[in-house]
Amino acid sequence: MDVLTAHELYRFYHASEEEIMALRGISLSIKKGEFLAIMGPSGSGKSTLLSCLVGIDEPDGGYVELDGRRITRRMEAERAAIRSSEIGILLQTGNLFQHLTVEGNIRLQMNLAAKNGKQTIAHLLDLVGLNHRRKSYPKQLSGGEAARAGLAVALSNSPKLLIADEPTGEVDAETEKHIIQIFNKRREAGESTLVATHSEALAKHADRIIRLFDGRIINET
Ligand code: ADP
Ligand code: MG
0 MDVLTAHELY RFYHASEEEI MALRGISLSI KKGEFLAIMG PSGSGKSTLL
50 SCLVGIDEPD GGYVELDGRR ITRRMEAERA AIRSSEIGIL LQTGNLFQHL
100 TVEGNIRLQM NLAAKNGKQT IAHLLDLVGL NHRRKSYPKQ LSGGEAARAG
150 LAVALSNSPK LLIADEPTGE VDAETEKHII QIFNKRREAG ESTLVATHSE
200 ALAKHADRII RLFDGRIINE T
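Under numbering that gives the first Met the number 0, the residues of the sequence shown are numbered 0 to 220, in order.
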């Protein structure tokens, strides 16, 4: 069963005179319980693709369906509602509100999702190994801790689909292993995970790797 499908996504940017074709007809799907990695050099369109998949950005062509429900070309409020209840999102930066503690950030996201999940803040902090940091503010965290805190926020709505943009980009090898374990557990629980990554160590745990180059899929293994 497909959790998410993307049909022929196109995205163009117009910076000054130039037209940048960030996505040139990308189609993909991710199944329940699947762990999918998107790889490709910087500038190949990974972040643009992920933003379109979660409805933070709108593609210029094509559409995205979540559980058979179209999420593209809807009012932002509708997209936001679908996002906050169904999808966990970890961006490359800007995952934490600076004026809230780690715990406060998780609580806020839980309240936004308004889902009666089984998750508790303590459980999420345990999962990412940040119990001792729960009262810390984002600027007091190391890069690896901030990445894990962002992951706890992304997981706080017990999402059936987690979409993470370079989740181990800023972390040490030990933290990367920890994050890989979390993704492997999601697979066991029948939850889907899609990551954009440069890390071969992370990608080798994926069920499938899609490689992008210049806004197109060049290889799928
Ligand atoms: P990746 O995540 O693989 O590094 P991106 O999706 O960030 O790639 O970028 C794909 C292409 O789109 C790049 O050429 C990038 O410069 C361009 N791009 C991304 N975001 C914007 C934007 N907001 N405005 C203009 N160009 C952009
Ligand atoms: Mg990127």
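For glycine and all other residues, C-beta sits at the position ideal for the given N, C-alpha and C. All figures in this text were calculated on a predicted structure; none of them were measured in a lab.
Do residue i and residue j have their C-beta atoms closer together than 8 angstroms?
i	j	result
A148	N104	yes
D164	A205	no
E144	L129	yes
V152	Q118	no
F11	E17	no
I88	I81	no
E85	R72	no
R215	G60	no
R132	V101	yes
I208	A5	no
V127	L150	yes
G39	L211	yes
Please name the residue in the options whose C-alpha comes closest to that of residue i.
i	options	result
A172	L22, S198, P158, L52	S198
S43	E33, M20, K176	M20
V2	T100, L22, E18, L52	L52
L160	L27, R69, L65, V127	L65
L8	L48, A36, I29, L211	L48
T167	D59, L90, T220	L90
M0	H13, K30, E190	K30
L140	I181, E190, L95	L95
I162	P40, I55, K138, E77	I55
Y62	L22, A188, A121	L22
P158	K138, Y136, F182, S135	F182
When burial is assigned at 16 or more other CB atoms within 10 Å of the CB, is residue i buried or exposed?
i	result
Q97	exposed
K45	buried
A113	exposed
S155	buried
K176	exposed
T92	exposed
E33	buried
S50	buried
A200	exposed
T174	buried
Could you pull the start and end residues of the beta strand (DSSP E) that residue i belongs to?
i	result
S15	No beta strand (DSSP E) contains S15, which DSSP labels as neither H nor E.
L161	160-164
A195	191-195
I70	Per DSSP, I70 belongs to no beta strand (DSSP E) and is neither H nor E.
I55	Note, I55: premise wrong, no beta strand (DSSP E); not H, not E.
N130	N130 -> no beta strand (DSSP E), and no H or E assigned at all.
N218	215-219
Can you name the start and end residues of the alpha helix (DSSP H) that residue i belongs to?
i	result
R147	142-154
R210	Careful: R210 lies outside any alpha helix (DSSP H), inside the beta strand (DSSP E) at 207-212.
V127	120-127
I81	75-85
A202	199-202
A112	101-112
According to DSSP, simplified to helix, strand and coil, what is residue i?
i	result
T4	strand
V63	strand
A36	strand
A188	coil
E169	coil
A21	strand
S46	helix
L27	strand
L95	coil
L90	coil
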